[in-house]
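Heads up, the thing below is written out as structure tokens.
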Amino acid sequence: MEMLDEQFFLYTACIFYAIGFIAIYLNQKHFPHNYIIYVSLFGWLSHTVSLGLRWSRVGHGPFINLYEILSSNIWSLMLCLLLFMQLAKQYRHMSRYIVPVLALLVIWLLITTPRDTYLPPTYNTIWLYFHVFSGKFFLGLLMLATGMAIYGAVPSRAIDKSFSIPGIQALSYRFLAFAFCFESLMLFFGAIWAQDAWGRYWSWDPLETWAFLTWLSLVLVLHWRAASSRHAIYALLVLGCFILAFLTFFGVPFVSTAPHKGMI
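Residue numbers (our numbering): 77 to 340.
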């Protein structure tokens with residue numbers, strides 16, 4: 077019965093997410109900004125209930141198998157987008173460049189089997205939670221930085237009269253810098269967890285290697301942007317960072333045979 081309730085709230089969330097995504101693309105002419113916020117918020121709250129029910133039922137956080145990782149990351153990414161759309165309304169049209177990624181994740185979640193999982197002994201540490209939550213902040217900030225970078229490179233002044241390329245590019249750079257800080261924390265907490273779990277801080281397994289490559293790509297883009305103002309190239313570089321991060325979060329853990337491998 078609890079699993080049925082959990083699925084009901086998840087499907088409800090996905091329906092409201094879909095309505096919000098469509099409204100974002102149809103823009104403010106058809107749907108007021110507050111309508112999009114309320115619809116998406118209702119979906120996020122329903123998703124929160126679903127995650128809470130699952131956490132209570134299986135006894136651990138949603139970060140073991142692909143289904144749980146997809147669900148919890150959609151939840152955190154939607155929270156980041158909602159906060160941005162509410163606090164930076166002048167750049168709200170940037171969200172149209174983020175919606176395809178979120179829609180892909182929602183569809184992927186709906187076709188993934190919601191299998192129950194158990195918490196391995198090596199995962200039973202507070203450092204895992206620090207590692208996971210810093211990773212979610214990192215991915216959310218990088219997603220926003222990428223959306224703003226693309227929006228700054230391909231503006232739509234017909235829609236947004238107050239659009240400012242320097243303003244949104246500077247904001248994107250700040251978000252990218254904060255994303256770099258949180259990925260650094262993710263690697264730091266992950267190393268402590270690895271020492272507790274497997275007796276080593278770093279072993280160059282595939283997931284660690286890809287995470288380090290993503291970290292290096294952020295270093296490269298941050299330094300390049302400090303010396304150049306080419307908006308199109310910056311957008312492509314940030315997009316490359318996001319693709320690396322996306323593959324690191326949703327690809328490598330489920331094809332690797334190393335200890336980091338997710339339990340599909």
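Positions of the beta carbon are idealized from the N, C-alpha and C atoms, including for glycine.
If you run the structure through DSSP and keep just helix, strand and coil, what is Trp203?
helix
Measure the Cβ-Cβ separation of Ser210 and Met161 and say whether it is below 9 Å.
no
Short check: CB of Ile418 to CB of Leu185, under 9 Å?
Nothing about residue 418 can be reported from this structure: the residues present for the chain run from 77 to 340 only.
Would Arg341 be called buried (16 or more neighbouring beta carbons within 10 Å of its own) or exposed?
Residue 341 lies beyond the range of the chain shown here (77 to 340); nothing can be said about it.
Short Cβ contact (9 Å threshold) for Val328 with Trp269:
no
Can you find at least 3 beta carbon pairs, one from the stretch 127 to 140 and one from the stretch 93 to 104, that sit closer than 8 Å?
no
Drop a sphere of 10 angstroms on the beta-carbon of Trp120, count the other beta-carbons inside from all chains shown, and report buried for 16 or more, exposed for fewer.
buried
Which runs of the alpha helix (DSSP H) at least 4 residues long sit entirely within the stretch 269 to 335? Give them in chain order.
282 to 303 and 307 to 326
Where the alpha helix (DSSP H) through Thr124 begins and ends:
His109 to Val134
Scan the stretch 177 to 232 and note each continuous alpha helix (DSSP H) run of 4 residues or more that stays entirely inside, going in chain order.
202 to 229
Using C-beta distances below 6 Å, list every residue in its chain close to Ala99, excluding the 5 sequence neighbours before and after it, in chain order.
Phe107 and Ile112
Cutoff 6 Å; reference Leu80; Cβ partners in own chain excluding five residues on either side
none
Below 9 Å between beta carbons: does that hold for Ala94 and Ala179?
yes
Assigned secondary structure, Leu266 (DSSP; H/G/I helix, E/B strand, else coil)
Note that residue 266 corresponds to Gly in the displayed sequence, not to Leu. Helix.
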